[in-house]
Every structure is written in C-alpha cells, then in structure tokens.
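Asker:
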Amino acid sequence: IPGVDWRVINTEGQEVKRDGTELGQFLVRAPWIIEEYYKEPEKTVESFKDGWLHTRDMVTVDEEEYIKVADRLGDLVKSGGEWISSIDLEDKIKGHPVSSLDVQAFQHVC
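With UniProt numbering applied, the sequence shown covers 1 to 110.
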C-alpha cells in the first residue's frame with residue numbers, strides 16, 4: 001500500500017525470513033496511523049516504539065510478501081522452544097470427535 005511501511009520482527013527485534021514459515025509480530029507505520037490510545041498511556045507506551053505500531057498480530061511473510069495472520073501475540077503457546085498458534089491447535093482439536101473444546105495455556109512450574 002503506498003505510504004505504508006511495514007515490518008515483521010521476531011522476539012529479538014530482527015526481521016523474520018520471508019519464507020512463509022517464520023512467525024513474527026507485524027509492525028506498521030504511516031502518516032494516518034494513530035499516535036496514541038485514548039486515555040490508555042500504558043498501552044500507548046507498549047504499542048508504539050520508534051515510530052512503529054506493534055500490532056500484536058503474529059504473521060508469516062512469504063517470498064512474494066504475502067502476509068498470513070497466524071494469531072495474536074497473547075494467544076500463542078510456547079512449547080519446546082517453538083511458538084504454536086492457539087487457532088491452529090483449536091482447529092486440529094476440532095477435527096477430533098469431541099463435543100466441545102477450550103485451549104488454555106499455563107506456565108509450567110516444575
């Protein structure tokens with residue numbers, strides 16, 4: 001989109017590979033993007049860094065710069081050093097003949 005800059009970064013702040021598999025957070029900046037959240041200074045500080053809006057959308061980018069939204073940052077589950085989309089997990093479980101489901105993440109305490 002003309003006039004819009006975007007990036008996808010990993011947890012270390014480095015741009016992800018554009019291979020369609022590496023997950024990262026979607027950042028955007030443009031002259032018309034909001035500058036702050038109304039009456040939410042903490043959210044503003046958390047979301048805006050160096051002129052970029054950190055959307056908390058976790059995405060992949062392929063070689064042709066197609067972006068696929070995988071999940072929201074707070075909804076991802078980290079297991080074995082790998083980020084797992086709660087949406088993908090729920091979709092897989094839905095394929096099982098159970099009547100209903102709920103996926104929740106808990107910190108491992110051991």
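By construction, the Cβ of each residue, glycine as well, lies at the ideal position given by its N, Cα and C atoms. None of the values given here were measured: they were computed from a predicted structure.
Would you say residue 53 and residue 84 are within 9 angstroms of each other, going by their C-beta atoms?
Answerer: As a first step, residue 53 must be located in the sequence shown, where it is residue number 53. As a first step, residue 84 must be located in the sequence shown, where it is residue number 84. Contact flag unset, no.
Asker: Just how far apart, CA to CA, sit residue 70 and residue 3?
Answerer: Position 70 of the sequence shown, counting from 1, holds the residue named residue 70. Position 3 of the sequence shown, counting from 1, holds the residue named residue 3. Distance between the alpha carbons of residue 70 and residue 3 is about 25 angstroms.
Asker: Kindly indicate which three-state DSSP category residue 55 falls into: helix, strand or coil?
Answerer: Against the sequence shown, residue 55 aligns to sequence position 55. Residue 55: strand per DSSP, three-state reduction.
Asker: Which of the three DSSP states is assigned to residue 8 in this structure?
Answerer: Translated into positions along the sequence shown, residue 8 becomes position 8. DSSP places residue 8 in strand when its eight states are reduced to three.
Asker: Per DSSP, which residues does residue 27 bridge with? Please list them.
Answerer: As a working note, residue 27 is residue 27 in the sequence shown. DSSP lists 7 and 54 as partners of residue 27.
Asker: By Cβ distance, which residues of its chain are closer than 6 angstroms to residue 30, with the 5 residues on each side in sequence left out?
Answerer: Within the sequence shown, the letter at position 30 stands for residue 30. Only 3 and 4 meet the Cβ criterion.
Asker: What first and last residue would you give for the alpha helix (DSSP H) that runs through residue 47?
Answerer: Here the question's residue 47 lines up with position 47 in the sequence shown. From DSSP, the alpha helix (DSSP H) with residue 47 extends over 41-47.
Asker: Which residue from 96, 26 and 36 puts its Cα closest to that of residue 7?
Answerer: Reading the sequence shown from its first residue, position 7 is the one you call residue 7. Considering only alpha carbons, the answer is 26.
Asker: What span of residues does the alpha helix (DSSP H) with residue 1 cover, start to end?
Answerer: As a working mapping, residue 1 is identified with position 1 in the sequence shown. It is not in any alpha helix (DSSP H) - residue 1 carries neither H nor E in the DSSP assignment.
Asker: Is the beta carbon of residue 95 closer than 9 angstroms to that of residue 66?
Answerer: Position 66 of the sequence shown, counting from 1, holds the residue named residue 66. Position 95 of the sequence shown, counting from 1, holds the residue named residue 95. No, they are not a contact pair.
Asker: Could you say which of 49, 75 and 42 lies nearest to residue 28 if we only look at CA atoms?
Answerer: On the sequence shown, position 28 is the one that residue 28 refers to. Residue 49 is the option with its Cα nearest to residue 28.
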